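**Student:** Have a look at this one before I ask anything.
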Amino acid sequence: MTIRVRFAPSPTGYLHIGSARTALFNYLYARSVGGKFLLRIEDTDIARSTEESTRSILEGLEWLGFSHDEEIIFQSNNADKHRAAALKLLEEGKAYRDFTPKAQPNDKNIKAAIAQKARANQGEKNMRDNEFRDLSKEESEKRASEGEPFAIRLKVGDSGKTSFEDAVYGLQERDYEEIEDLVLLRSDGHPLYNLAVVCDDIEMEITDVIRGQDHLTNTHKQILIYEALGKQPPRFAHLPLILAPGGKKLSKRIHGEIVSMTTYRDAGFLAAAFRNFLALLGWSAGEEQEIYSLEELTEKFSLSGIHRSNATFNFDANNPKRWTDDKAIWMNAEYIRTLPLEELLPFVAKELKAAKLWREEYEEEDAQWFAKTVDLIRERFYTLKDFSGQGRAFFSEDFDFDEKAIEKNLKKFPDLKVWLPELAEKFETVEDWSHDPIHEVVSGFCEEKDTKFGVVLNGARVVLTGQAVGPSMLAAMEQLGKDKTIMRLKSRIAWNS
RNA sequence: GUCCGGUUCGUCUAGGGGUCUAGGACACCGCCCUUUCACGGCGGCAACACGGGUUCAAAUCCCGUACCGGAUACCA
Numbered sequence: 008m009t010i011r012v013r014f015a016p017s018p019t020g021y022l023h024i025g026s027a028r029t030a031l032f033n034y035l036y037a038r039s040v041g042g043k044f045l046l047r048i049e050d051t052d053i054a055r056s057t058e059e060s061t062r063s064i065l066e067g068l069e070w071l072g073f074s075h076d077e078e079i080i081f082q083s084n085n086a087d088k089h090r091a092a093a094l095k096l097l098e099e100g101k102a103y104r105d106f107t108p109k110a111q112p113n114d115k116n117i118k119a120a121i122a123q124k125a126r127a128n129q130g131e132k133n134m135r136d137n138e139f140r141d142l143s144k145e146e147s148e149k150r151a152s153e154g155e156p157f158a159i160r161l162k163v164g165d166s167g168k169t170s171f172e173d174a175v176y177g178l179q180e181r182d183y184e185e186i187e188d189l190v191l192l193r194s195d196g197h198p199l200y201n202l203a204v205v206c207d208d209i210e211m212e213i214t215d216v217i218r219g220q221d222h223l224t225n226t227h228k229q230i231l232i233y234e235a236l237g238k239q240p241p242r243f244a245h246l247p248l249i250l251a252p253g254g255k256k257l258s259k260r261i262h263g264e265i266v267s268m269t270t271y272r273d274a275g276f277l278a279a280a281f282r283n284f285l286a287l288l289g290w291s292a293g294e295e296q297e298i299y300s301l302e303e304l305t306e307k308f309s310l311s312g313i314h315r316s317n318a319t320f321n322f323d324a325n326n327p328k329r330w331t332d333d334k335a336i337w338m339n340a341e342y343i344r345t346l347p348l349e350e351l352l353p354f355v356a357k358e359l360k361a362a363k364l365w366r367e368e369y370e371e372e373d374a375q376w377f378a379k380t381v382d383l384i385r386e387r388f389y390t391l392k393d394f395s396g397q398g399r400a401f402f403s404e405d406f407d408f409d410e411k412a413i414e415k416n417l418k419k420f421p422d423l424k425v426w427l428p429e430l431a432e433k434f435e436t437v438e439d440w441s442h443d444p445i446h447e448v449v450s451g452f453c454e455e456k457d458t459k460f461g462v463v464l465n466g467a468r469v470v471l472t473g474q475a476v477g478p479s480m481l482a483a484m485e486q487l488g489k490d491k492t493i494m495r496l497k498s499r500i501a502w503n504s
């Protein structure tokens, strides 16, 4: 039988890092065993689901490169089938009508309220004490036909336990005593999550459910539904959670933008790099390799490499240098400097276009210059944004001067104010504008002024690129060209800013 | 509260009875290279939660404790 897995996000926001990783693991698993990777949008929470979110999630998946098989299923379209399943269970006596009026949850601190209630009920709460559980069929039907609202609850057995073998966590068991008669259908006829998931997974012929560990308790309830429906449950694999530095589950509400995939795309991350980073969060091939292409991941992925312990996604909201996980940033830099140049170029072009720094010539007559420039400057860059930021001076006359660079490399050596234009004069005579001749002129100049090479070149770097850091200055001068080099060396803009 | 799960350097992790004076990566620090910063090379700092067992031998197996997390809804 072919393996069929699904990624089933609920469209209540952008694509979350944790969800992205769940999608990645599903995708890798499917591809590694030649199975199908399906997509299902769980939009049954009408109040919170938005089309905007769906779009954003799809966009995120596309960016990451996870192409799905078959058509996208929208769970809300299947509501009738879910209802029918609940009614069938009711008919068969495996579920019952609960006429208890619906409680109004104060959705402010709903989680806390639930936990508190559970604590308060401690010891006296019997999961089977619903007064309508054993209502006669006639009585139940009578009240229903009189228009009294009811929810449909699953009748969980009095004694016994559910059990399943989790591919990650091993054998999982749960006493029926611990499981309440869960609601399948709300009193307004709206199917609830656990029912909907089971029905859809059956219909989609899902063989393996790979999802977050926070669903572990749901799984027991779902198994009960499978059994009531007379269906074989799929295999399950629960993934460890991704935590924030505080130790809590990474969440949109508390941690904000940092958890959104779009943040990384917009910050100039390469999808391949981020995917690579994500794969290593909670999974390992058991070797010392860090950089994996999608193909390698697919080849090496296995559920047995997934951890049982949660991973911390490290970042410091108060430190701009540490705005997101160090390793993710490093990984992105690593991809930027090691990706085959021709693969990187389109990304850089896109970035320059977005920053209005793109020139048609880069496509034609200056294509080689462009490629060489990118290759030269990429060594120091962390994100694609750096090409339009730190690297701006290579593509435009309109660039900023880094204040610290001016202080450190220019103002500390006032002589440079005269020297740099003088150096420019000497450059005028250079016929063959390339590394060695430039080097000769600079070293002769330094000798003449009895100063260190570094002083002159670092000063030149600031004036030429606005930065304190960058590629080899001689190479940069060559790349910038004779005219621009001379012009900028003579300019006083940096000194005055 | 109850149920479930987890615990190896700051972070991601290797390891699954002897090969562990615990390996790698990021971060940090130092040195080298060098025209600066970086890159690269070399090196350093830094961890088996605790207590009991089992065993000739435990990071690895068992029990307990502590701590952390998740779940507990007519949300998904």
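With our numbering as the guide, the letters of the first sequence map in order to residues 8 to 504. Cβ coordinates follow ideal geometry from the N, Cα and C atoms, glycine included. All of these numbers come straight from a predicted model, not from anything done at the bench.
(1) Taking DSSP as the reference, what is the three-state secondary structure of Leu191?
(2) Return helix, strand or coil for Ala125, following the three-state DSSP convention.
(3) Starting from Gly2, trace the beta strand (DSSP E) in both directions and tell me its first and last residue.
(4) List the DSSP bridge partners of Lys168.
(5) Going by CA-CA distance only, name the one from Ser316, Ala279, Leu417 and Ser291 that's closest to Leu351.
(6) Nearest to Ile493 by CA position, among Glu368, Ile121, Ser450 and Leu427, is which residue?
(7) So Lys328 is in the beta strand (DSSP E); what residue range does that whole segment cover?
(8) When the Cα atoms are used, what is the spatial distance from Met338 to Val448?
(9) Once DSSP output is grouped into helix, strand and coil, what is the label at Leu45?
(10) In the DSSP assignment, what residue or residues form a beta bridge with Val470?
(11) By the three-class DSSP mapping on this structure, what secondary structure does Ile80 have?
(12) What would DSSP say about Gly219, mapped onto helix, strand or coil?
(13) Below 8 Å on the Cβ atoms is my contact criterion, and I expect Leu189 with Lys228 to pass it. Report the Cβ-Cβ distance as a whole number of Å.
(14) Can you name, in chain order, every residue of its own chain whose Cβ lies under 7 Å from the Cβ of Ser395, other than the five neighbours on each side?
(15) Return the CA-CA distance between Leu496 and Thr472, expressed in angstroms with no decimal places.
(16) Does His75 pass the burial test, meaning 16 or more other C-beta atoms within 10 Å, or should it be called exposed?
(17) What's the call for His262, buried or exposed, on a 16-neighbour Cβ count within 10 Å?
(18) Given a cut-off of 9 Å, decide if Tyr34 and Phe73 are closer than it, judged by their beta-carbon atoms.
(19) Is the region 207 to 214 touching the region 268 to 284 in the sense that three or more CB pairs, one from each, lie closer than 8 Å?
(20) Put Thr305 into one of helix, strand or coil per three-state DSSP.
(21) Taking its Cβ as the centre, do 16 or more other Cβ atoms sit within 10 Å of Met8, making it buried, or is it exposed?
(22) On the CB-based measure, 16 or more other CB atoms within 10 Å of its CB, does Arg38 come out buried or exposed?
(23) Where does the unbroken beta strand (DSSP E) through Leu248 begin, and where does it stop?
(24) Have a look at Leu257 and Arg387 and give me their C-alpha separation to the nearest angstrom.
(25) In or out: Thr331 buried (at least 16 other Cβ within 10 Å) or exposed?
(26) In three-state DSSP terms, what is Ala431?
(27) For the alpha helix (DSSP H) that contains Ala340, what are its first and last residues?
(28) So the candidates are Asn317, Asp422, Arg385 and Ala374; which of them puts its Cα closest to the Cα of Pro347?
(29) State buried or exposed for Thr345, treating a residue as buried only when at least 16 other CB atoms are found within 10 Å of its CB.
(30) Quick test of your reading: Ala475 and Asp382, contact by CB under 8 Å. State the CB separation rounded to the nearest angstrom.
(31) Give the C-beta separation of Tyr200 and Arg160 to the nearest angstrom, bearing in mind that I take them to be a contact with Cβ-Cβ under 8 Å.
(32) For the region 45 to 60 and the region 9 to 20, state whether three or more C-beta atom pairs, one from each stretch, are separated by less than 8 Å.
(33) Quick one: is Arg468 buried, meaning 16 or more other Cβ sit within 10 Å of its Cβ, or exposed?
(34) Give, in chain order, every unbroken run of the alpha helix (DSSP H) that is at least 4 residues long and sits entirely within the region 392 to 442.
(35) What is the DSSP secondary structure of Ile505, counted as helix, strand or coil?
(36) Got a sec: does the ligand MN put a non-hydrogen atom nearer than 8 Å to the Cβ of Tyr103?
**Tutor:** Well, looking at it:
(1) Within the first sequence, numbered from 1, the residue matching residue 191 stands at position 184. Leu191 falls in the strand class under three-state DSSP.
(2) Working through the first sequence from its first residue, we reach residue 125 at position 118. Ala125 falls in the helix class under three-state DSSP.
(3) The first residue shown for the chain is 8 and the last is 504, placing residue 2 beyond what the model contains.
(4) For the purposes of this step, residue 168 is taken as residue 161 along the first sequence, with counting starting at 1. In the DSSP output, where bridge partners are listed per residue, Lys168 has Asp182.
(5) As a working mapping, residue 351 is identified with position 344 in the first sequence. Of the listed residues, the one whose Cα sits closest to Leu351 is Ala279.
(6) What you label residue 493 is simply residue 486 of the first sequence in a count that begins at 1. Considering only alpha carbons, the answer is Leu427.
(7) The sequence position of residue 328 within the first sequence is 321, counting from 1. That residue, Lys328, is in no beta strand (DSSP E); it is neither H nor E in DSSP.
(8) Here residue 338 corresponds to residue number 331 of the first sequence, with the count starting at 1. Here residue 448 corresponds to residue number 441 of the first sequence, with the count starting at 1. So the alpha carbons of these two residues sit roughly 39 Å apart.
(9) Stepping through the first sequence from its first residue, residue 45 is reached at position 38. Three-state result, Leu45: strand.
(10) Position 463 of the first sequence holds residue 470. The partner list for Val470 (beta bridge, DSSP) is empty, contrary to what the question assumes.
(11) By 1-based counting over the first sequence, the position of residue 80 is 73. Ile80: strand per DSSP, three-state reduction.
(12) Within the first sequence, numbered from 1, the residue matching residue 219 stands at position 212. DSSP places Gly219 in strand when its eight states are reduced to three.
(13) Here the question's residue 189 lines up with position 182 in the first sequence. Here the question's residue 228 lines up with position 221 in the first sequence. Sure, about 5 Å apart at Cβ, within 8 Å.
(14) Working through the first sequence from its first residue, we reach residue 395 at position 388. Excluding residues up to 5 positions away in sequence, Glu358, Leu359, Ala362 and Leu364 lie with their Cβ nearer than 7 Å to the Cβ of Ser395 in the same chain.
(15) By 1-based counting over the first sequence, the position of residue 496 is 489. By 1-based counting over the first sequence, the position of residue 472 is 465. Distance between the alpha carbons of Leu496 and Thr472 is about 10 Å.
(16) The residue labelled residue 75 in the question sits at position 68 within the first sequence. Burial check for His75: the Cβ neighbour count within 10 Å reaches 16 or more, so the residue is buried.
(17) As a first step, residue 262 is located in the first sequence; it is residue number 255 there, counting from the start. Looking at its Cβ environment, which holds 16 or more other Cβ atoms inside 10 Å, His262 is buried.
(18) Within the first sequence, numbered from 1, the residue matching residue 73 stands at position 66. Within the first sequence, numbered from 1, the residue matching residue 34 stands at position 27. Contact: yes.
(19) no
(20) In the first sequence, counting from the first residue as 1, residue 305 sits at position 298. Residue state, collapsed to three classes: helix.
(21) Stepping through the first sequence from its first residue, residue 8 is reached at position 1. It is exposed - the Cβ of Met8 has fewer than 16 other Cβ atoms within 10 Å.
(22) As a first step, residue 38 is located in the first sequence; it is residue number 31 there, counting from the start. Counting Cβ neighbours within 10 Å, Arg38 comes out buried, since at least 16 surround it.
(23) If you number the first sequence from 1, residue 248 lands on position 241. Note, Leu248: premise wrong, no beta strand (DSSP E); not H, not E.
(24) Here residue 257 refers to the residue found at position 250 of the first sequence. Here residue 387 refers to the residue found at position 380 of the first sequence. Distance between the alpha carbons of Leu257 and Arg387: 31 Å.
(25) Taking the first sequence and counting its residues from 1, one reaches residue 331 at position 324. Counting Cβ neighbours within 10 Å, Thr331 comes out buried, since at least 16 surround it.
(26) The count along the first sequence starts at 1 and reaches residue 431 at position 424. Helix.
(27) Taking the first sequence and counting its residues from 1, one reaches residue 340 at position 333. From DSSP, the alpha helix (DSSP H) with Ala340 extends over Asp333 to Thr345.
(28) The sequence position of residue 347 within the first sequence is 340, counting from 1. The residue with the shortest Cα to Cα distance from Pro347 is Arg385.
(29) Here residue 345 is taken as the residue at index 338 of the first sequence, counted from 1. Exposed is the call here.
(30) If you number the first sequence from 1, residue 475 lands on position 468. If you number the first sequence from 1, residue 382 lands on position 375. For a cut-off of 8 Å, the C-beta gap from Ala475 to Asp382 is around 21 Å, too long to register as a contact.
(31) As a working mapping, residue 200 is identified with position 193 in the first sequence. As a working mapping, residue 160 is identified with position 153 in the first sequence. Taking C-beta atoms under 8 Å as the contact rule, Tyr200 and Arg160 fail to qualify, at a distance of about 14 Å.
(32) yes
(33) Mapped onto the first sequence, residue 468 falls at position 461. Buried, because 16 or more other Cβ atoms sit within 10 Å of the Cβ of Arg468.
(34) Positions of the alpha helix (DSSP H) runs, each at least 4 residues long and wholly inside the region 392 to 442, are given as 392 to 395, 410 to 413 and 423 to 435 in order along the chain.
(35) Residue 505 lies beyond the stretch modelled for the chain, which goes from 8 to 504, so this question has no answer here.
(36) With respect to the ligand MN, the structure shown offers nothing to examine, as it has no ligands at all.
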